[in-house]
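Note sheet for the following structure.
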Amino acid sequence: MRGLFIRYYLNKLCRDKLPDTGNQYEGSGGTVDDSIDFLLANLGEMNRLWIRIQYTGGVRDKKRREKERNDLRVTVGENIVRLSNLEGMNLSVYKETVLPKILETITSSNDLIA
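If you read the sequence shown in this note's numbering, its first letter stands for residue 36, the second for the next number, and so on.
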């Protein structure tokens, strides 16, 4: 549960502070590429958390695990929305950078549900 809270908090805290094309953090705060890398790293950590939640606890904890995974699903969705809302995100960046990294993260986990 702590890992889920940290990912959720990190997503909310960084919502308007990531460098993006045309915002106040661009340049001295980094570039949109730094934001994309950060969000993709966060997504990778969420994927690992997803797998850990699946295999943690006994049969009695199944309801709790299902709730945590549902909460994590929402947080993953928010992270993907944050990626898509970046002004510097366009189709070519998505096709060449973001999609391959997302697919690599998912397939490297060897988890059928991920």
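Think of the CB as a built atom: it goes at the ideal place given N, C-alpha and C, for glycine as much as any other residue.
On a predicted model such as this, the values are computed, not experimentally measured, just so you know.
Any C-beta of chain D under 8 Å from that of residue i
i	result
ILE86	Reference to chain D is not applicable here, since this structure consists of a single protein chain.
Status (buried if at least 16 other CB within 10 Å, exposed otherwise) for residue i
i	result
ASP96	exposed
VAL109	exposed
ASN114	buried
ARG42	buried
GLU122	exposed
GLU103	buried
LEU126	exposed
LEU138	exposed
Beta-carbon gap between residue i and residue j smaller than 8 Å
i	j	result
LEU74	ARG117	yes
ASN82	SER144	yes
ASP55	VAL67	yes
TYR44	LEU53	no
LEU48	LEU107	no
ILE86	VAL133	no
Paired residues, beta bridge with residue i - DSSP
i	result
GLY62	GLY65
Candidates the options: closest to residue i by CA position
i	options	result
THR140	LYS130, GLU80 and GLY112	GLU80
| query | What are the complete beta strand (DSSP E) segments, minimum 3 residues, inside the segment 88-148? | reply | none
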